[in-house]
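Reading through the structure tokens given below for one structure.
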Amino acid sequence: MTSGFWLMVAAGGACGALGRAALTLWVGPTGYFPVATFLVNVIGSLMIGMAWSYFSRSGDSVLLSAFLMTGVLGGFTTFSTFSLETVQLIQQGAWGWAASYLILSALCCLFGAGLGIWLLR
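Under my numbering, think of the first position of the sequence shown as 214, with each following residue one higher.
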């Protein structure tokens, strides 16, 4: 990989992380259900499905794909925060919230990725 590749991934990651932080601040605290992380991951899943569908057919630049998919969407979405929030809900005894967060996140993210692929096929 060239230095340009790594710069594109890093620049995209910075953009994605800033986008996630902005959305998290905009949504604000919402009680038990971690709405901001849920939205970030569902939106990111939809977008990566769309990006994959586009790049798998277009033959466009590997650098653009690295910037958007690995960088922006990798920096925007957050499996680690999802995991931490689920464990925190369990530690607080909020088993119902933890289960609903876990199930809804998995289903909605998979649906989002599939929808994204379908939209651009």
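All residues carry an ideal CB built from backbone N, CA and C; glycine is no exception. Predicted model, so just to flag it, every value in this text is computed and none were measured.
> Between the beta-carbon of G329 and the beta-carbon of V255, is there less than 7 Å?
Replying inline: Against a cut-off of 7 Å, the Cβ pair of V255 and G329 comes out as no contact.
* Asked: How would you call R270, buried or exposed, if buried means at least 16 neighbouring beta carbons within 10 angstroms?
  -> R270 comes out exposed.
query = How about the region 219–227 and the region 290–297: do they share at least three Cβ pairs that are nearer than 8 Å?
reply = With fewer than three CB-CB distances shorter than 8 Å, the region 219–227 does not count as touching the region 290–297.
*Can you name, in chain order, every residue of its own chain whose Cβ lies under 8 Å from the Cβ of F246, other than the five neighbours on each side?*
Excluding sequence neighbours, F246 sits near W310, S313, Y314.
To which residues of the same chain is G287 closer than 7 Å at the C-beta, ignoring the five residues directly before and after it? Cβ within range, chain order: G226, G229.
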